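First residue of the sequence shown: 22, per the working numbering; consecutive thereafter.
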Amino acid sequence: MPILGFTVFKNEILNGEKRQTIRKARKIPIKVGDTLYLHWKLRTKQCELLKVVKCTEAIRLRYSDFCDDEDIARRDGFENAVQMKEWFEKRYAPKPDDLFDVIRW
Numbered sequence: 022m023p024i025l026g027f028t029v030f031k032n033e034i035l036n037g038e039k040r041q042t043i044r045k046a047r048k049i050p051i052k053v054g055d056t057l058y059l060h061w062k063l064r065t066k067q068c069e070l071l072k073v074v075k076c077t078e079a080i081r082l083r084y085s086d087f088c089d090d091e092d093i094a095r096r097d098g099f100e101n102a103v104q105m106k107e108w109f110e111k112r113y114a115p116k117p118d119d120l121f122d123v124i125r126w
């Protein structure tokens, strides 16, 4: 029962434009077939369940393997890979070998 919290892209999640998220690699990874509970502003008074979906794809990648990928960036809700890379640099300051999970529903 993986719970995923979001603070950006609410409308894109609700209308189906965003069907992917990229997260730091978990000890127990999300796998295909898992039921995902997508929440808005988890652990706040504004917390709201947005959707309950099934994981259709889960890929573990090094940061260097996806940071310049335009397709992954757009699927994740960014305009382009440059915008995605800026967001990740600010949020995680990742090293090239840091592992992330690309989770799709």
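Glycine included, C-beta positions come from ideal geometry on N, C-alpha and C. Small disclaimer: the values here were computed from a predicted structure and weren't measured.
| Going by the beta-carbon positions, is the gap between I43 and P23 smaller than 8 Å? | The beta carbons of I43 and P23 sit no closer together than 8 Å.
| said: Measuring alpha carbon to alpha carbon, tell me which residue in L63, F30, Y58 and F87 is nearest C76. | reply: Ranking L63, F30, Y58 and F87 by Cα distance to C76 puts Y58 first.
| I40 - DSSP class collapsed to helix/strand/coil | The displayed chain sequence assigns Arg, not Ile, to residue 40. DSSP places R40 in coil when its eight states are reduced to three.
| With distances taken between CB atoms, is the gap from E147 to V53 smaller than 8 Å? | Any property of residue 147 remains undetermined from this structure, which presents the chain solely from 22 to 126.
| said: Check whether the stretch 82 to 95 and the stretch 59 to 69 touch, using three or more Cβ-Cβ pairs below 8 Å as the test. | reply: Touching, no, given that fewer than three Cβ pairs across the two stretches are closer than 8 Å.
| task | Excluding the 5 residues preceding and the 5 following K72 in the sequence, name in chain order all residues of the same chain whose CB lies nearer than 6 Å to its CB. | result | Excluding residues within five positions, the ones whose Cβ falls inside 6 Å are L59.
| task | With DSSP collapsed to three states, give me the class of A46. | result | In the structure shown, A46 sits in coil (DSSP, three-state: anything other than H, G, I, E or B).
| Thinking just about the alpha-carbon of each residue, which of M105, G98 and I93 is nearest to the one in N36? | When only C-alpha atoms are compared, the closest one is G98.
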